[in-house]
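Everything below concerns the one structure shown next.
Protein chains: 2
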Amino acid sequence: MSALTSMGRKASIQPDRLWADLMSTARFGAFGETGMRRLALSEEDRQVRDWFVGECRALGCTIDIDRIGNIFATYPGRNANLAPIAMGSHLDTQPAGGRFDGILGVLAGVELLRALHDAQIPPAHPITVIVWTNEEGSRFAPAMMGSGVYCGAHKLETVAATCDKSGVSVAQALDAIGYAGDREPGFMPFSAYLELHIEQGPVLEAENIEIGIVEAVQGVCWLDIKVPGVEAHAGGRPMTMREDALIAASKIVLAVETVASRHAPGVGTVGYISAGPNSRNVIPGSVSLEVDLRHPTDAGLDALETELIAEVRRVSPGAEIRRVWLKPPVSFDPRIVDVVAARTEALGYSARRMVSGAGHDAAHVAGLAPSAMIFIPSYLGLSHNVREYSSPEQCAKGATVLLDAVLDLDERLLADTCGH
Amino acid sequence: MSALTSMGRKASIQPDRLWADLMSTARFGAFGETGMRRLALSEEDRQVRDWFVGECRALGCTIDIDRIGNIFATYPGRNANLAPIAMGSHLDTQPAGGRFDGILGVLAGVELLRALHDAQIPPAHPITVIVWTNEEGSRFAPAMMGSGVYCGAHKLETVAATCDKSGVSVAQALDAIGYAGDREPGFMPFSAYLELHIEQGPVLEAENIEIGIVEAVQGVCWLDIKVPGVEAHAGGRPMTMREDALIAASKIVLAVETVASRHAPGVGTVGYISAGPNSRNVIPGSVSLEVDLRHPTDAGLDALETELIAEVRRVSPGAEIRRVWLKPPVSFDPRIVDVVAARTEALGYSARRMVSGAGHDAAHVAGLAPSAMIFIPSYLGLSHNVREYSSPEQCAKGATVLLDAVLDLDERLLADTCGH
């Protein structure tokens, strides 16, 4: 499958080999038929990291590990002075996640290195495949921790001291699995960065499109809303004399939907709700909501937040609203995006340009190096779900676009450097 | 305070003594400043039961305990062949309850016995004060367990085998605290039954009325509703392609309010909500709601249920709806209600007739014997709440109405029996 010649030889992705890696490495953290529980810096995470390091070493890569546990496997180029062309993603999963989210991007990188190795093509640039630590943020907050530290969004010391629910710190967990490296985060510059990922949304599948050319990552705003009420016996209080926190909270949930729909392609979700005392025959005295707002533009994200807050104030003047996270939208490098689009077109794959709804390590890396992302379809758009699925063909097409884009960039960026 | 002469002597409630009992027995299960945690058949329940038995024995009562642990303290009447005039309530509380719900009805009974004893008035009928087992249903379901078994609504064997969350059965808990009695439930007939209780609602306080003359107890219908959705990543899915279970559930919460408001004085509450997977950045794939519907008439309760179910079907055709409990409305005996009203008027207290929103042991007893209830105001209408409060004066007025109604019934029912 695939082909791009470099110096007259062909490197190509082997779909079966990539699929076999996806299926066999799923043993590290598998549960049920297709579920994955591979929390960041857990024993299962160590196992898959060891596998990755072993495979890459066997292909002739050098391995670097930084102080937050990010792994960099670098395949030598003809010119060791050029900053590597990098790609990567993550190997950790949600507590009840699937076999593709993040994992595809890393294993496609391994397959790409194998393709180069098989074809005996020495690229001009070193080629680095990166495993970013703790993208999911399920065990340790925040999400995208490793790339965030690497790119200067978070302080290493703060993040290292962050504890999971059982009181184990990131620093302790890194030590425990042997991945507390000695490289300073940010030690390696990249000529370019690419990340292949499943869409985690339904658009490509619904439109029957093979490849998503990702131009940007939506900005994210997280709000915590605490809605007050007056707790009382459900039988004894007329409807007209109630202050039911769940009634107000329900209006806020619907307001999130209304406001987000008004600002498409923005989205808004209340994923978490908890009522107190949460007993059938007691009128709820308090409700907590956790809101996730996303928009591809700064102005759009700001409008979502402002309009929602106004609506909350109207429905429940006593509500507490706290913004717990704001990550502005990220635009990828137009030139890298265009290279991905050109290679996809040359391969004859159907494609559309799109915005990533989910956050990704690439959104951090985009601040350091020219970056872009490649999406493939997700079955039913499912992700963070044990039923997450992309077919062997879909995975292979994504890996092929990745390979061809890397080889194309290898030539173009060399030409830039050498003044052609 | 108060007065009704019987055979020329006066029996009267002593407000300070009643209040002292309320405050001092609160030590059995107190937490915080005013909180009570006295779960049914717990060690704290045993302590307060032992106190009750000791006080009543000291007043010359005989004590009977039935097989579900209900306690009957009977003060002798002039005619032992007459069925007792009974009153009672419960001494167990919610896990975070207050010092008055149920407790007032029992302690006012004790104070009434003291008043009779002090005045050396031998009533015609034996006077029985009852402690019903497990009215709250917090530790063992269902609520109103003791009175329900006594009145034939539940089978003793089934109820005795019911376990709490740690696997202890009602039978084991009765044994453990020494209150597994030998009397068969239903062993004692009553000439009449009265229950004094706090309103557990805001109406009397809001209208500045001293006594509620309770004519009926609302019927209750409990529905469990499970709302389906499609779990998905909150970032990747456009608003138009979602099946968000919490959006549908929020519409159902608001429908409960709309339907109940249309059928005042009916009420409807969603006291419990739980979303899955309940994670901020995952669109909820399922939501469970627990609904409590109440209405004073059968037709009204039926309309509430029917209209709500239609609305749920409209909002979420795939929702599962399960009726988990139905307790029809109960009307109290008009003659007993009239006696309570007449004594209240004679005392010069402001009063209104009303329907109880909450369920009470009296609703079961009404099937066995002519019954009625007396309400006093609740501070802010709060109940099942550590801030539950009624003043010493309010408690004493309720107890005085109870005493005068018992003495009035003692004469009237004797006249009936003897054909005057």
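From first to last, the protein sequence lines are chains E and C.
For what it's worth, the numbering used here labels the leading residue of the first sequence as 1, then goes sequentially.
For what it's worth, the numbering used here labels the leading residue of the second sequence as 421, then goes sequentially.
Think of the CB as a built atom: it goes at the ideal place given N, C-alpha and C, for glycine as much as any other residue.
If you draw a straight line from the Cα of serine 708 (chain C) to the Cα of arginine 772 (chain C), it is about 39 Å long. DSSP places leucine 403 (chain E) in the helix class (H, G or I) of the three-state scheme.
For glutamate 136 (chain E), there is no enclosing beta strand (DSSP E), since its DSSP letter is neither H nor E. Against chain E, the CB of tyrosine 495 (chain C) has no partner CB under 7 Å away; the residue lies outside that interface.
Secondary structure of arginine 742 (chain C) (DSSP, three-state): strand. With contact defined as three or more Cβ pairs closer than 8 Å, the stretch 494-504 of chain C and the stretch 435-447 of chain C are not in contact.
Judged by beta-carbon spacing, glycine 691 (chain C) lies within the 7 Å limit of arginine 280 (chain E), meaning their Cβ atoms are closer than that value.
Around the Cβ of proline 334 (chain E), a 10 Å sphere holds fewer than 16 other Cβ atoms; the residue is exposed. Less than 7 Å divides the Cβ of serine 706 (chain C) from the Cβ of alanine 665 (chain C). Below 8 Å, enough C-beta pairs join the stretch 619-628 of chain C and the stretch 792-808 of chain C to call them touching: three or more. Inter-residue distance for glycine 720 (chain C) and valine 330 (chain E) is about 57 Å (C-alpha atoms, whole angstroms). Nearest in C-alpha terms to glycine 696 (chain C), of all of C:Ser681, C:Ala652, C:Arg657, is C:Ala652. Think of a sphere of 9 Å around the beta carbon of alanine 684 (chain C): the chain E residues whose beta carbon falls inside it are Pro238, Met239, Thr240, in chain order. Secondary structure at lysine 327 (chain E): strand, using DSSP grouped into helix, strand and coil.
In the structure shown, proline 648 (chain C) adopts extended strand secondary structure according to DSSP, grouped into three states.
Below the 9 Å Cβ cutoff, chain C contributes Val690, Gly691, Tyr692, Ile693, Ser694 as neighbours of alanine 275 (chain E), in chain order. Bridge partners of methionine 354 (chain E) according to DSSP: E:Val214. In the three-state scheme derived from DSSP, where H, G and I count as helix and E and B as strand, arginine 46 (chain E) is classed as helix. Runs of beta strand (DSSP E) with 3 or more residues, each lying fully within the stretch 703-744 of chain C, are found at 706-715, listed in chain order. Three or more beta-carbon pairs separated by less than 8 Å are not found between the stretch 153-169 of chain E and the stretch 309-322 of chain E, which leaves the two stretches without contact. In chain order, Phe100, Asp101, Leu104, Phe375, Ile376, Pro377, Ser378, Ser383, Glu388, Ser390 place their CB closer than 8 Å to the CB of isoleucine 198 (chain E), counting only its own chain and leaving out the 5 sequence neighbours on each side. A contact between stretches requires three or more CB pairs, one per stretch, nearer than 8 Å, and the stretch 112-128 of chain E meets this requirement with the stretch 401-410 of chain E. Against chain C, the beta carbon of alanine 358 (chain E) has neighbours under 9 Å at His653, Ala654, Gly655, Gly656, Asn701, listed in chain order. One thing to note: alanine 399 (chain E) has its Cβ no nearer than 7 Å to the Cβ of leucine 82 (chain E).
In summary, asparagine 628 (chain C) is exposed, with fewer than 16 beta-carbon neighbours lying within 10 Å of its beta-carbon over all protein chains present. Within the same chain, Gly449, Phe451, Pro515 come within 6 Å of arginine 457 (chain C) by CB-CB distance, once the 5 residues on both sides are set aside. In this structure the stretch 560-570 of chain C lies against the stretch 777-786 of chain C, because at least three pairs of beta carbons, one per stretch, are closer than 8 Å. For serine 390 (chain E), no Cβ of chain C is located within less than 7 Å of the residue's own Cβ. In this chain, histidine 804 (chain C) is not harboured by any alpha helix (DSSP H), its DSSP state being neither H nor E. For the pair histidine 125 (chain E) and glutamate 411 (chain E), the Cα-to-Cα distance works out to about 9 Å.
Nearest to isoleucine 71 (chain E) by alpha-carbon distance, out of E:Glu33, E:Asp21, E:Gly178, E:Thr258, is E:Gly178.
For aspartate 292 (chain E), the C-beta contacts it makes with chain C under 8 Å involve Ala654, Gly655, Arg700, Asn701, in order along the chain. Within the same chain, Ala778, Ser798, Ser803 come within 6 Å of glutamine 620 (chain C) by CB-CB distance, once the 5 residues on both sides are set aside. Among the residues of chain C, those whose CB is under 7 Å from the CB of proline 202 (chain E) are Arg657, Met661, following chain order. In terms of CA proximity to proline 328 (chain E), E:His295 leads the group E:Glu393, E:Thr158, E:His295. Against chain C, the CB of isoleucine 103 (chain E) has no partner CB under 7 Å away; the residue lies outside that interface.
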